[in-house]
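Student: As numbered in this note's numbering, residues 8 to 142 make up the sequence shown, in order.
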Amino acid sequence: MKTLHLNGSLIHSIPTFYDQINLMLEREKTWNIGPSLDALNDALYEVPEDQGDSDKPTADASATVHWHDHEHSREALGFAATERWFLEKLESQGRFNMGSLQKQLDDLRAGTGPTYFEIILEIFADHPSINLILD
Numbered sequence: 008m009k010t011l012h013l014n015g016s017l018i019h020s021i022p023t024f025y026d027q028i029n030l031m032l033e034r035e036k037t038w039n040i041g042p043s044l045d046a047l048n049d050a051l052y053e054v055p056e057d058q059g060d061s062d063k064p065t066a067d068a069s070a071t072v073h074w075h076d077h078e079h080s081r082e083a084l085g086f087a088a089t090e091r092w093f094l095e096k097l098e099s100q101g102r103f104n105m106g107s108l109q110k111q112l113d114d115l116r117a118g119t120g121p122t123y124f125e126i127i128l129e130i131f132a133d134h135p136s137i138n139l140i141l142d
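1. What did DSSP end up calling Asp67 once you bin it into helix, strand or coil?
2. To the nearest angstrom, how far is the alpha carbon of Pro64 from that of Thr10?
3. With the cut-off set at 9 Å, would you say Val72 and Asn138 are in Cβ contact?
4. Using the C-alpha atoms, what's the distance from Asp114 back to Pro42?
5. Can you tell me whether DSSP reads His134 as helix, strand or coil?
6. DSSP three-state label for Ile140, please.
7. Considering only the beta carbon of each residue, do Leu32 and Phe131 sit closer than 9 Å?
8. Assuming contact is defined by CB atoms lying nearer than 9 Å, are Glu76 and Ser16 in contact in what I supplied?
9. Since I believe Ile127 is in contact with Leu97 (beta carbons under 8 Å), could you give me their beta-carbon distance rounded to a whole number of angstroms?
10. Is the beta carbon of Leu141 less than 9 Å from the beta carbon of Leu112?
11. Whole angstroms are fine: how far does the CA of Ala70 sit from the CA of His79?
12. Quick check: the Cα distance between Glu90 and Asn48, rounded to an integer number of angstroms?
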């Protein structure tokens, strides 16, 4: 089983979250994932891969990710960061589904939509071969 550590105390914004994810996931790679939830989701498929000689995942592969100081990250990736993230996306007309983004922003502001931190947790939950431990 692979064990990885995410240093939440160094996460102060969405970009610094991806800096820490890249340190955790991509140490042996020559490229880094960008600040994208889709890229994070894709990168998590590689986490449980066997570290042996094969580049192919094994059927029983699993991994544990310890997210240290997750409460610090929860605050840094909370309402304010999420609202800024939606507003930046809404400013880039034509690149995204504006109606969907506006609804998600409205839901966030109404207290019914997830924060960026909560979206990240949902993405990890979609990867049952990864055991996420919030420390």
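Positions of the beta carbon are idealized from the N, C-alpha and C atoms, including for glycine.
Tutor: Reading it off the structure:
1. Start at 1 with the first residue of the sequence shown, and residue 67 comes out as number 60. With a pLDDT of only 46 at Asp67, under the threshold of 50, the placement of this residue in the model should not be trusted, and no figure is reported.
2. For the purposes of this step, residue 64 is taken as residue 57 along the sequence shown, with counting starting at 1. For the purposes of this step, residue 10 is taken as residue 3 along the sequence shown, with counting starting at 1. In this prediction, Pro64 has a pLDDT of 43, which is less than 50 and means its spatial position is unreliable; what the coordinates show is noted afterwards. As the crow flies, the alpha-carbon of Pro64 is around 15 Å from that of Thr10.
3. As a first step, residue 72 must be located in the sequence shown, where it is residue number 65. As a first step, residue 138 must be located in the sequence shown, where it is residue number 131. With contacts defined as CB atoms closer than 9 Å, Val72 and Asn138 qualify as a contacting pair.
4. The sequence position of residue 42 within the sequence shown is 35, counting from 1. The sequence position of residue 114 within the sequence shown is 107, counting from 1. So the two alpha carbons sit approximately 22 Å from each other.
5. Residue 134 sits at position 127 when you count from the first residue of the sequence shown. In the three-state reduction of the DSSP assignment, His134 falls in the coil class.
6. Your numbering for residue 140 matches position 133 in the sequence shown. The answer is strand: DSSP assigns Ile140 an E or B state.
7. If you number the sequence shown from 1, residue 32 lands on position 25. If you number the sequence shown from 1, residue 131 lands on position 124. Contact flag unset, no.
8. Against the sequence shown, residue 76 aligns to sequence position 69. Against the sequence shown, residue 16 aligns to sequence position 9. Position check: residue 76 holds Asp in this sequence, whereas Glu was assumed. Yes, Cβ-Cβ distance for Asp76 and Ser16 is below 9 Å.
9. If you number the sequence shown from 1, residue 97 lands on position 90. If you number the sequence shown from 1, residue 127 lands on position 120. So it is not a contact: roughly 21 Å between Cβ atoms.
10. Position 134 of the sequence shown, counting from 1, holds the residue named residue 141. Position 105 of the sequence shown, counting from 1, holds the residue named residue 112. For Leu141 and Leu112, no; Cβs fall outside 9 Å.
11. Indexing the sequence shown from 1 puts residue 79 at position 72. Indexing the sequence shown from 1 puts residue 70 at position 63. Going from the Cα of His79 to the Cα of Ala70 covers about 23 Å.
12. Counted from its first residue, the sequence shown places residue 90 at position 83. Counted from its first residue, the sequence shown places residue 48 at position 41. In a straight line, the C-alpha of Glu90 is about 21 Å away from that of Asn48.
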